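Structure, as C-alpha cells:
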Amino acid sequence: MNDIIEINPKGLVEYSVIWMHGLGADATDFVPIIPQLNIPEEHGVKFIFPNAPIMPVTINGGYEMPAWYDITSMDRMGAGADREGIEKSQGIINSLIEKEIEAGVPSENIFLAGFSQGCVIAIHTALRYPTKLAGVIGLSGYIALSDSLKVEANKANKNIPIFLAHGSIDQVVNIEFAKDSLELLKSLGYSVDWNVYPMGHEVCLEEIQDIREFLLNNIN
Numbered sequence: 001m002n003d004i005i006e007i008n009p010k011g012l013v014e015y016s017v018i019w020m021h022g023l024g025a026d027a028t029d030f031v032p033i034i035p036q037l038n039i040p041e042e043h044g045v046k047f048i049f050p051n052a053p054i055m056p057v058t059i060n061g062g063y064e065m066p067a068w069y070d071i072t073s074m075d076r077m078g079a080g081a082d083r084e085g086i087e088k089s090q091g092i093i094n095s096l097i098e099k100e101i102e103a104g105v106p107s108e109n110i111f112l113a114g115f116s117q118g119c120v121i122a123i124h125t126a127l128r129y130p131t132k133l134a135g136v137i138g139l140s141g142y143i144a145l146s147d148s149l150k151v152e153a154n155k156a157n158k159n160i161p162i163f164l165a166h167g168s169i170d171q172v173v174n175i176e177f178a179k180d181s182l183e184l185l186k187s188l189g190y191s192v193d194w195n196v197y198p199m200g201h202e203v204c205l206e207e208i209q210d211i212r213e214f215l216l217n218n219i220n
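Residue numbering for the sequence shown is 1 to 220, as defined by my numbering.
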C-alpha cells in the first residue's frame, strides 16, 4: 500500500476519520473537502486518506489501477463481488483503525468514510468491526457481499450511525444499487440517514454540508 495522507488538527487528536477514495482515484482525491467541511479545531478531528492497492480491474479490460477490489460486473447488490479483494482491503482498514487506537483514539471516536468503491469498503468494514465505531459515511456506493451481511455483521456496531448519500442521476453506480442497500440495512434493523442529491457520480456542496452536520452530531 502506498503512502497515506494524514491531516492532523492543531491540538490533541480526539477523533479520526478514515476516508477511502473511489476506483482509479488516489488518497489526494478528498483532501480538498476538509476546508469545506469546516470542522472546528477544538473537536480535534484527524483525517486519514489511504491509497488503494494497484490491481487489474476486470470491468475495465484488466487495466491496472488503484482499486479496493476487482469488479467483474455491475450486478444489483454486488452478488458477484470480489470477496478476496474486499476482505483484503477490510484488513488494510482494520489495521488503520488499530493504529489510531494504539495512538490513543478510542474506537468509538473513529469514523469510516468512502466514495464509490471506498463506500463499499467503509460500510463492509464498519458493520463487521468487533468494537463500537463512531459512524460510517457511504457516498455513491452500495453494499457488496450483501448475502452474508446478516451472518457477518458484528453486534458491537448494531447501532452505528450511518450516513448514506447518492446522486439521483448517477450513471456509474445506479441509485437503485444504493436503494437496495438501504432496504437491506433497514431490514436488519440499522438506522440510516439517507440523502439523495440531483447529481451524477460526484459530490456536491449540499452533501458536504450534510456530512459536516452528521460528523458534528456524532462528536460528543
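Cβ coordinates follow ideal geometry from the N, Cα and C atoms, glycine included.
Treat the numbers as computed from the prediction; the structure is a model and nothing was measured.
ask   = Sorted by chain position, which residues of the same chain lie with C-beta nearer than 6 Å to L216's C-beta, five sequence neighbours on each side aside?
value = Position 216 of the sequence shown holds residue 216. None.
Sheet register partners of L112 (DSSP bridge) = Residue 112 sits at position 112 when you count from the first residue of the sequence shown. BP columns for L112 point to I18 and V136.
Three-state secondary structure (DSSP) of L164 = Residue mapping note: residue 164 aligns to position 164 of the sequence shown, counting from 1. Reduced to three states, the DSSP call for L164 is strand.
query = Helix, strand or coil for D70 per DSSP?
reply = Translated into positions along the sequence shown, residue 70 becomes position 70. DSSP places D70 in coil when its eight states are reduced to three.
query = Can the beta-carbon of I48 be found closer than 8 Å to that of M65?
reply = In the sequence shown, counting from the first residue as 1, residue 48 sits at position 48. In the sequence shown, counting from the first residue as 1, residue 65 sits at position 65. No. Outside cutoff.
key: Reduced DSSP category for P35 - H, G, I as helix; E, B as strand; rest coil   = Reading the sequence shown from its first residue, position 35 is the one you call residue 35. Note: P35 maps to helix in three-state DSSP.
ask   = Are the beta-carbon atoms belonging to I264 and V31 less than 8 Å from one another?
value = Because the chain here runs from 1 to 220, residue 264 falls outside it and cannot be looked at.
inquiry  = If the criterion is Cβ atoms closer than 8 Å, does the pair A144 and H124 meet it?
reply    = The sequence position of residue 144 within the sequence shown is 144, counting from 1. The sequence position of residue 124 within the sequence shown is 124, counting from 1. Closer than 8 Å, so yes.
task = Sort out for me which residues DSSP pairs Y47 with in a bridge.
result = By 1-based counting over the sequence shown, the position of residue 47 is 47. The residue you asked about is not Tyr; residue 47 is Phe in the sequence shown. Per DSSP, I7 and V17.
ask   = Taking DSSP as the reference, what is the three-state secondary structure of I54?
value = For the purposes of this step, residue 54 is taken as the residue at position 54 of the sequence shown. I54: strand per DSSP, three-state reduction.
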